[in-house]
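Engineer: Structure below; questions to follow.
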Amino acid sequence: MNMFDPSIEDFISLLQFGDSDQRRNAAWMLGRQRDPMCVPPLINALTDPDKDVRLRVAESLGNMRDEQTVLPLIDALLKEDAPEVRAQMIQSLGRQRDVRAIHIIMPYLTDADAQLRVAAAQALTFIPDIRSISALLHACLTDTDDLVRYSARKAITEIGGESVVDHLMTALDANYPPHIITEVLEMLVALGYKRATSMVERFINHDDEAVSETAKWAMNRLGK
């Protein structure tokens, strides 16, 4: 092996036969190559005995948008015990932008571990599918973790579309507390759909000053 300029084949060999540090570093380097020949050995390394290696392998696969990674990542995720590795696998699944992963990712929005809920919300940002909207909205409005709520909100606004607006307008009818109403109003503005003005207008004279002011601001931003 030329230690000054190792080839992809060299890194693959290290991933298979090196010590834990070498395997971890090889996984990282293979993920930077973006070469299809790196995908099969990385997939095989999803079962590496060292969780730090598995973490790096999952991260590297997330950098390679390749449909052959989806099912192996799903299988590895369902067998993985280390929370930080599971979180990375969830994110890497999202980066494949493959709808087959949605039904695997969505349940993690309600996991007891906040890092897995964050990972799920972030992953769903990359898979714009209306099936995830209700679960993301629930996380955005009710989760106790700030980063989960932020990640879910970002996913909702990134996905966008008429269905998202419909879900948000329905939420405004659900008698949520004022801080949630303001959150929904802000998301409607971020989406920019003018048809939401008829619903937003109802909150201009709301008893809560923050809601009222947010509604006025929203009406102005939406163009009425």
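So for the sequence shown, the numbering used here puts the first residue at 7; every next one is plus one.
C-beta atoms are modelled at their ideal positions from N, C-alpha and C, and glycine is treated no differently.
Less than 6 Å between C-beta atoms, sequence neighbours within five positions excluded: which residues of the same chain meet that for H173?
Structural biologist: Once the five neighbours on either side are set aside, the close Cβ partners of H173 are I139, L143.
Engineer: Quick check on the burial criterion: 16 or more other C-beta atoms within 10 angstroms. Buried or exposed for P47?
Structural biologist: By the 10 Å Cβ count, P47 comes out buried.
Engineer: Taking the C-alpha atoms as reference points, what is the distance between D56 and S26?
Structural biologist: Rounded to whole angstroms, D56 to S26 spans 7 Å at the Cα level.
Engineer: State the DSSP-derived secondary structure class of G167, mapped to helix, strand or coil.
Structural biologist: Coil, per DSSP.
Engineer: So, are the CB atoms of T131 and A93 less than 7 Å apart?
Structural biologist: Against a cut-off of 7 Å, the Cβ pair of A93 and T131 comes out as no contact.
Engineer: If you run the structure through DSSP and keep just helix, strand and coil, what is R40?
Structural biologist: Of the three classes helix, strand and coil, the one that applies to R40 here is coil, per DSSP.
Engineer: Using the rule of at least 16 other Cβ atoms within 10 Å of the residue's Cβ for burial, across every protein chain shown, is Q74 buried or exposed?
Structural biologist: When all chains shown are included, Q74 counts as exposed.
Engineer: Alpha carbon to alpha carbon, what distance is there between V59 and N69?
Structural biologist: Distance between the alpha carbons of N69 and V59: 16 Å.
Engineer: Which same chain residues end up closer than 7 Å to Q39 when comparing Cβ atoms and leaving out the 5 residues on each side of it in sequence?
Structural biologist: Excluding positions up to five away in sequence, the list reads I14.
Engineer: Go through its chain and collect everything with a Cβ distance to V1's Cβ below 8 Å, but skip five positions before and after it.
Structural biologist: This structure leaves residue 1 out entirely; the chain is present only between 7 and 230.
Engineer: Could you tell me the distance, in whole angstroms, from the CA atom of L115 to the CA atom of L21?
Structural biologist: Their backbone Cα atoms lie some 33 Å apart in a straight line.
Engineer: Give the range of the alpha helix (DSSP H) segment to which S13 is assigned.
Structural biologist: No alpha helix (DSSP H) contains S13, which DSSP labels as neither H nor E.
Engineer: May I ask you to report which of helix, strand or coil DSSP gives L99?
Structural biologist: Reduced to three states, the DSSP call for L99 is helix.
Engineer: Compare the C-alpha of P78 against each of W34, I110, L228 and name the closest.
Structural biologist: Here the closest residue by C-alpha is I110.
Engineer: From A118 to D149, what distance separates their C-alpha atoms?
Structural biologist: Their Cα atoms are separated by approximately 11 Å.
Engineer: With DSSP run on the structure shown, which of helix, strand or coil describes I136?
Structural biologist: Residue state, collapsed to three classes: helix.
Engineer: Can you tell me the Cα-Cα spacing of R137 and I108, whole angstroms?
Structural biologist: Using only the alpha carbons, I get a separation of about 8 Å.
Engineer: Kindly indicate which three-state DSSP category I210 falls into: helix, strand or coil?
Structural biologist: Coil at I210, not helix or strand.
Engineer: Quick check on the DSSP output: the alpha helix (DSSP H) that includes P184 runs from which residue to which?
Structural biologist: Start and end: 184 to 197.
Engineer: Could you check whether I96 and A129 sit closer than 7 Å to each other, using their CB atoms as the reference points?
Structural biologist: Cβ atoms of A129 and I96: closer than 7 Å.
Engineer: Helix, strand or coil, according to DSSP, for M7 in the structure here?
Structural biologist: Its pLDDT being 48, under 50, M7 is placed unreliably by the model, and the measurement read from it follows with that caveat. Three-state DSSP puts M7 in coil, outside helix and strand.
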